[in-house]
Amino acid sequence: MIITSKHLHRKFTPAPLPSIAEDVLEGFSRTPKSLPPKLLYDAAGSALFEQITCLPEYYPTRTEAGILTAHAEEICSHLRRNVSVSELGAGTATKTRILLRSLVQRQCGVNYFPLDVSDAALKLAKDEVESELGTVKVHPQVGDFDNLTFLEHQTPPRLVLYIGSSIGNLENDEAIALLQNIARNLSTGDKLLLGADLVKDAEVMHAAYDDDAGVTASFNKNLLVRINRELGGHFDPESFCHISFWNEAESRIELHLESACRQSVRIDALDMTLQFDQGERIHTENSYKYTVEHLENLLRSGGFRVEHTWTDPDSWFAVSLGVIT
Ligand code: SAH
Ligand code: AVI
Numbered sequence: 002m003i004i005t006s007k008h009l010h011r012k013f014t015p016a017p018l019p020s021i022a023e024d025v026l027e028g029f030s031r032t033p034k035s036l037p038p039k040l041l042y043d044a045a046g047s048a049l050f051e052q053i054t055c056l057p058e059y060y061p062t063r064t065e066a067g068i069l070t071a072h073a074e075e076i077c078s079h080l081r082r083n084v085s086v087s088e089l090g091a092g093t094a095t096k097t098r099i100l101l102r103s104l105v106q107r108q109c110g111v112n113y114f115p116l117d118v119s120d121a122a123l124k125l126a127k128d129e130v131e132s133e134l135g136t137v138k139v140h141p142q143v144g145d146f147d148n149l150t151f152l153e154h155q156t157p158p159r160l161v162l163y164i165g166s167s168i169g170n171l172e173n174d175e176a177i178a179l180l181q182n183i184a185r186n187l188s189t190g191d192k193l194l195l196g197a198d199l200v201k202d203a204e205v206m207h208a209a210y211d212d213d214a215g216v217t218a219s220f221n222k223n224l225l226v227r228i229n230r231e232l233g234g235h236f237d238p239e240s241f242c243h244i245s246f247w248n249e250a251e252s253r254i255e256l257h258l259e260s261a262c263r264q265s266v267r268i269d270a271l272d273m274t275l276q277f278d279q280g281e282r283i284h285t286e287n288s289y290k291y292t293v294e295h296l297e298n299l300l301r302s303g304g305f306r307v308e309h310t311w312t313d314p315d316s317w318f319a320v321s322l323g324v325i326t
């Protein structure tokens, strides 16, 4: 529980605070404590995520890349000529290049608008896409999913990518709201390609979030390092353990940081002192796993008609194309 939070007794004015302050304050005011997963992606977090995507245990990236590689031409054949491409949570856009490579065979040039909270990841995306694909012009959009008006400003036809199973980091109602918000900013004939991780053997899923090299643990603990740096936090990341487990009832992998001892932690910028009991956890991420039916229903709830769903031979991952009718 929070033992001191003087800010709660005075009017809270977010404007002068650093950008992550509000989210951290809100998350630490909850019981149990939690932090929104988007905070995992400062420059260091984005670099750690890139390492995760190459881990032998982390099957989602290579499985989705396999689907995109096998079906890129077929996916592109569903698109109208001169489509512009936007992407939510693009990161470094490594997998996106698989699709862009096919797209540039079909049209003279591509305008690509990757949106991400991570400025560092977007810089890499721009460098790598433009140096490989000379006819793709990258227009990075640094920002949060809550503002998707940049979609509306592009000339149709439009393709939006939301791949990587990033939708799995949202609650079901948040996922539907986000898809509806995407749909609101599109028009008839525009399409959304949605990639999602499927339910499979629990051991396989769990190992992907508890790798032997400890990269996912560092990714998770980096949240505390970030709070120390950006908000004057006094966390000792080594006094927290990385916890991950499969929650079958909720069909999700959960990530937490568990306090190894009873301790108090001050966060200067929030004028807050947190108290942790031994074993108390901060919930840092959910990663929902789907069935194809659930994924397609999400698209429908968002306002899209499902055109096609592609999976890998083991049905570990699915990529579904929806259209605004
Ligand atoms: N699409 C890439 C990256 C996935 S990692 C892939 O498939 O490999 C998730 C990405 O989403 C990160 O780059 C992170 O910075 C971004 N992200 C997470 N929450 C976000 C939010 N609320 N708004 C914008 N970007 C977000
Ligand atoms: C970005 N997102 C889909 C990843 C996932 O698998 O949920 C983030 C991640 N967290 C730990 N490892 C990877």
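The working numbering puts the first residue of the sequence shown at 2, with every later residue one more than the last. From the three backbone atoms N, C-alpha and C, an ideal C-beta is built for every residue, glycine too.
- Annotation for residue 188: no beta strand (DSSP E) segment contains it, and DSSP assigns it neither H nor E.
- Taking one beta carbon from each stretch, the segment 297-307 and the segment 167-185 have 3 or more pairs nearer than 8 Å; the two touch.
- Straight through space, the alpha carbons of residue 68 and residue 319 are spaced by roughly 8 Å.
- With a minimum length of 4 residues, the unbroken runs of alpha helix (DSSP H) contained wholly in the segment 201-270 fall at 203-208, 216-232.
- A residue is called buried when at least 16 other Cβ atoms come within 10 angstroms of its Cβ; residue 198 meets this threshold and is buried.
- Membership of residue 319 in the beta strand (DSSP E) is indicated by the continuous run 318-324.
- The alpha-carbon separation between residue 238 and residue 223 amounts to approximately 8 Å.
- Per DSSP, reduced to three states, the secondary structure at residue 102 is helical.
- At a cut-off of 7 Å, the beta-carbon of residue 47 counts as near ligand 1: some heavy atom of the ligand is closer than that.
- For residue 127, the shortest separation between its Cβ and any heavy atom of ligand 1 does not lie below 7 Å.
- With a cut-off of 8 Å on Cβ pairs, the segment 112-119 is in contact with the segment 85-100, counting three or more such pairs.
- Just measuring C-alpha positions, the residue of 105, 272, 264 sitting nearest residue 138 is 105.
- Distance from residue 127 to residue 317 at the Cβ level is roughly 30 Å; contact not present, criterion being Cβ atoms closer than 8 Å.
- Judged by DSSP secondary structure, residue 83 falls outside any beta strand (DSSP E); it is assigned neither H nor E.
- Distances from the CB of residue 210 to the heavy atoms of ligand 2 include at least one below 7 Å.
- The criterion of a C-beta distance shorter than 8 Å is satisfied by residue 194 and residue 76.
- Contact annotation: residue 56 and residue 313 have beta-carbon atoms that are not nearer than 8 Å.
- A residue is called buried once 16 or more other Cβ atoms fall within 10 Å of its Cβ, and residue 141 is buried on that count.
- Between ligand 2 and the CB of residue 165, the shortest heavy atom gap is smaller than 7 Å.
- Excluding sequence positions up to five before and after residue 263, its CB lies within less than 6 Å of the CB of 278, 279, all in the same chain and listed in chain order.
- Taking all protein chains in view, the Cβ of residue 94 is crowded by 16 or more other Cβ atoms within 10 Å, so the residue is classified as buried.
- Residue environment analysis places residue 215 among the exposed positions, since fewer than 16 neighbouring C-beta atoms fall within 10 angstroms of its C-beta.
- Take residue 220, set aside five residues on each side of it, and the residues of its chain with a beta-carbon closer than 7 Å to its own are 41, 46, 49, 50, 53, in chain order.
- Distance from the CA of residue 325 to the CA of residue 39, rounded to the nearest whole angstrom, comes to 28 Å.
- DSSP places residue 285 within a strand segment (E or B) once states are collapsed to three.
- Residue 253 counts as buried, since no fewer than 16 other beta carbons sit within 10 angstroms of its beta carbon.
- Between the C-alpha atoms of residue 116 and residue 205 there is a straight-line separation of about 30 Å.
- The criterion of a C-beta distance shorter than 8 Å is satisfied by residue 134 and residue 98.
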